[in-house]
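Below is one structure; the comments refer to it alone.
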């Protein structure tokens, strides 16, 4: 039966594609409906193949060269535009073939004996909203994405939504595909006199539990952090979307002012009440917030936090660069702690048996300031590399700073790992994008260095643009971890986010037929 | 056999005589000039001017070598807005000056330099300023849908992209509904917003830019749909290719889309007459047609390179300006052909750094009416052909571009609106 649901999804995709492309020329199928109403349908069919480039210590066989992902995806976007109302519906169907390697992970324990492919074969309404404009005011109601902030790769104030990092980690180029849309009432008021706009939204709490916060591979699949590939963490740590301090049914909201200052500096000021993106664990050994977790070791949950943010970006002619910055202040950001130097996760019976004091683990709060500075350059590599035009070069320094953190707080970088939270977490990233043959061959290079916790990644890639319909991308995701935990019994105090990807370098080919 | 040779010789003489007679002929409108007839027509005249004198060398080369066909039509002077004409006449007295080689002094609207003296050392710069601020297009121009079509010189249509474009002129607003000749403090020349509608991977990606009178680099912001975020982008992007794999750089928009002071030289080469596609009535693009043939009725898609629309050419008088870009520019030299009746782009002829011919651009204009019924002249379509790569780009306007919508204000072009359009 494995893969059957994936086949069903793909069969549906083929029918939908036939419908969508039947009427159109090169681009979207578009239909004039009379009365200035127009219906358009567009989207894509996409196929990924990814291969492991490393042998992994947490699996018994040699993983190098094995197919880690054979994923097909259909996206259909339908837009009905009338002079007074716009309706948008976007759906996405994903189906994967269970590769031999995934099958081995499943046999090893991933997904806890159920069908691992159910984690990857999905059918989602990505967005579904209606929008109308009254002079300067635009109101959009429904499932949608609201994106704030300036930062690439990392999240500072782009915290309205969580991201789904489970099937492709954070490596997908288009992060709109990873962001998890929410049901929102969203209004934007244009204030052209000062070249500004005021935006406010309310999430009334109609979303599903799985729609809030970031989703990680917690079932032992291909993006489980080392050394937990093939390990069903969900069997030990549950998930609670109704924790009193992080209840999906509670409304969240935010407001942002965006404007121009000094003529051409684009800035924004924002406030958000939203869910902590990465989950923390309500520990079974010391339940938090008056809620006893259902999981053996505890429950993942996303407490609601307040975010005060500011962004600015502007072009500086003297250095021919665009400088950008972003600051997000999150007072009382909750973290797991472990006074015993462990992972923060213990079964409740150890407390009742008196083996550990109940307050040895739990949740403590400390202020968090996330900030970023970035510089974008246009560099002329035409004579050096023969590019079409100037090339894009960008450097970004990102930090998660805990100004009030004390060593004795024993806050954990990530529950489940012994690494203690540091006062700073600096990461430097760089991106270079080139263009050849009338923008049809586009090599790129992205690299990052986790200065505080250690490790680096390098992602060389090339995109091919073939006519209107076909896009092919090849990339290598290369991770150079430091301090990674190589087995579940191994102890490491130096685990950072890159060490989660240790030995998980990939070669990926992605082909897209868009319509 | 000898008789046959005599007959052949006689026939050849007769043919030569006939050709000689044809060289002297005044050609009627509708005459077609193509590779087969070009040499025979060069000494013929149209509206009293020889075809040879009406064809810049590189245009004649395209007829001879690249399959360009030119159908002659009578010149048709443009009708322009009365207010524009009045401002232009006022400027004829010579009151407008170029300030420190940068902005303009004493200019309010109309063509700033309606009379260009070839002996004036600033003649080239003045012709370029006319093109930048003096086009008879009004205050606001919008194309809710226009297309870039790229061509492989041997394989036909390669890509089709759908875009939305709006431009608001911030100065020289002779047709402003509130009578404001200038919006803001006069430092911004114009603002433009450009948003891709198709294909899917470009959809929503857009750019807002503001050009300045005084030579400051343009300020630009891009909305990147795939990450749903506005980013400020470098002002030096004015020399970069127009997105989507076209054959134009941003500086090629309207043949010259820079500030005169950024160029090393703007040398006036004089006035001449050329055959150019002005006042076209041809339908070039039917966006909702079902087949390529119906969608591009003026293109012969069966014959490479397929990129020349079948539009009639008429004699137009032009100013010719040889421009020398700065060293970091991809071009070595660009020659502009600017319409002399009222400033509109006609052709651009581009050379590389070694001096080899590289690209040719043709601009097609149309004399239309704005939303209040006043006459305007705007660019309707055009093409840029890269002969080194044997690759071409056509830009074709929506069948009903919008000129001077009295409801359109500066408010329509802002970062917030860019974000709203791209995100929608």
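Residue numbers (our numbering), protein chains in the order written: chain A, 56 to 570; chain B, 10 to 433. Glycine residues also receive a C-beta, built at the ideal position from the N, C-alpha and C atoms.
For residue j and residue i, believed in contact at Cβ under 8 Å, the rounded distance
| i | j | result |
| --- | --- | --- |
| residue 346 of chain A | residue 337 of chain A | 6 Å |
| residue 318 of chain B | residue 345 of chain B | Not confirmed; about 21 Å, so no contact. |
| residue 207 of chain B | residue 170 of chain B | 6 Å |
| residue 340 of chain A | residue 416 of chain A | 5 Å |
| residue 126 of chain A | residue 148 of chain A | Not a contact, Cβ separation roughly 11 Å. |
| residue 219 of chain B | residue 227 of chain B | 6 Å |
8 Å Cβ cutoff, residue i in contact with chain A
| i | result |
| --- | --- |
| residue 8 of chain B | For residue 8 of chain B there is no data in the structure shown, the boundaries of chain B being 10 and 433. |
| residue 267 of chain B | no |
| residue 433 of chain B | yes |
| residue 30 of chain B | Confidence at residue 30 of chain B is low in this model, with a pLDDT of 45, below 50, so its placement is unreliable and the value that follows should be read with caution. Output row for residue 30 of chain B: interface = no. |
| residue 157 of chain B | no |
| residue 248 of chain B | yes |
| residue 180 of chain B | no |
| residue 235 of chain B | yes |
| residue 297 of chain B | yes |
| residue 361 of chain B | no |
| residue 208 of chain B | yes |
| residue 414 of chain B | no |
| residue 168 of chain B | yes |
| residue 337 of chain B | yes |
8 Å Cβ cutoff, residue i in contact with chain B
| i | result |
| --- | --- |
| residue 141 of chain A | yes |
| residue 570 of chain A | yes |
| residue 62 of chain A | Note that residue 62 of chain A has pLDDT 45, beneath the 50 cutoff, so the model's placement of it is unreliable and the number below is only indicative. Chain B, which has no Cβ nearer than 8 Å to the Cβ of residue 62 of chain A, makes this no. |
| residue 180 of chain A | no |
| residue 80 of chain A | Confidence is the limiting factor: at residue 80 of chain A the pLDDT is only 40, short of 50, which leaves the residue's position unreliable and the question unanswerable from this model. |
| residue 541 of chain A | no |
| residue 562 of chain A | no |
| residue 97 of chain A | yes |
| residue 77 of chain A | For residue 77 of chain A, the pLDDT reaches just 37, beneath the cut-off of 50, and the residue's location in the model is therefore unreliable, although a value from the coordinates is still provided. No, residue 77 of chain A lies away from the interface with chain B (no Cβ there is under 8 Å from its Cβ). |
| residue 313 of chain A | yes |
| residue 495 of chain A | yes |
| residue 193 of chain A | yes |
| residue 251 of chain A | yes |
| residue 292 of chain A | no |
Cross-strand partners of residue i (DSSP beta bridge)
| i | result |
| --- | --- |
| residue 331 of chain B | B/276 and B/344 |
| residue 282 of chain B | B/326 |
| residue 124 of chain A | A/105 |
| residue 158 of chain A | Per DSSP, none; premise fails for residue 158 of chain A. |
| residue 400 of chain B | B/161 and B/395 |
| residue 106 of chain B | B/114 |
| residue 253 of chain A | A/244 and A/312 |
| residue 419 of chain A | A/390 |
| residue 151 of chain A | A/126 |
| residue 354 of chain B | B/347 |
Residue closest to residue i, alpha-carbon to alpha-carbon, out of the options
| i | options | result |
| --- | --- | --- |
| residue 560 of chain A | A/240, A/271, A/223 and A/319 | A/223 |
| residue 137 of chain B | B/179, B/226 and B/266 | B/266 |
| residue 96 of chain A | A/136, A/547 and A/453 | A/136 |
| residue 376 of chain A | A/455, A/352, A/366 and A/429 | A/429 |
| residue 362 of chain A | A/225, A/198, A/119 and A/308 | A/308 |
| residue 222 of chain B | B/181, B/284, B/38 and B/403 | B/181 |
| residue 314 of chain B | B/83, B/75 and B/131 | B/75 |
| residue 554 of chain A | A/92, A/283 and A/183 | A/283 |
| residue 64 of chain B | B/194, B/183 and B/283 | B/283 |
| residue 421 of chain A | A/409, A/478, A/453 and A/145 | A/478 |
| residue 335 of chain A | A/300, A/371, A/311 and A/156 | A/300 |
Chain C contact for residue i (CB, 8 Å cutoff)
| i | result |
| --- | --- |
| residue 256 of chain B | No chain C is present in this structure, whose protein chains are A and B. |
*asked:* At a CB distance below 9 Å, what residues from the region 383-410 of chain B approach chain A? Give them in sequence order.
replied: For the region 383-410 of chain B, which is checked against every Cβ of chain A, the residues closer than 9 Å are 395, 398, 400 and 402.
*Closer than 7 Å, Cβ to Cβ, to anything on chain B: give me those residues from the region 225-247 of chain A, in chain order.*
Per Cβ criterion, the list reads 228, 229, 230, 231, 243, 245 and 247.
*Residues of the region 420-431 of chain B with a CB closer than 7 Å to any CB of chain A: list them in chain order, please.*
When CB distances to chain A are screened at a threshold of 7 Å, the residues of the region 420-431 of chain B falling below it are 420, 423, 424, 425, 426 and 429, in chain order.
*What residues in the region 307-329 of chain B have a beta carbon less than 7 Å from any beta carbon of chain A?*
Within the region 307-329 of chain B, no residue has a Cβ that lies closer than 7 Å to any Cβ of chain A.
*Residues of the region 367-392 of chain A with a CB closer than 8 Å to any CB of chain B: list them in chain order, please.*
Here the close residues are 368, 369, 370, 372, 375, 376, 377 and 379.
*Name the residues in the region 193-220 of chain B whose C-beta lies less than 9 Å from a C-beta of chain A; which are they?*
Across the region 193-220 of chain B, CB contacts with chain A closer than 9 Å involve 196, 206, 207, 208, 209, 210, 212 and 219, in sequence order along the chain.
*asked:* At a CB distance below 8 Å, what residues from the region 424-443 of chain A approach chain B? Give them in sequence order.
replied: Cβ contacts with chain B come from 431, 432, 433, 435, 437 and 443.
*Just by C-beta distance, which residues in the region 518-536 of chain A are closer than 7 Å to chain B?*
Within the region 518-536 of chain A, the residues whose Cβ lies closer than 7 Å to some Cβ of chain B are 520, 522, 523 and 526, listed in chain order.
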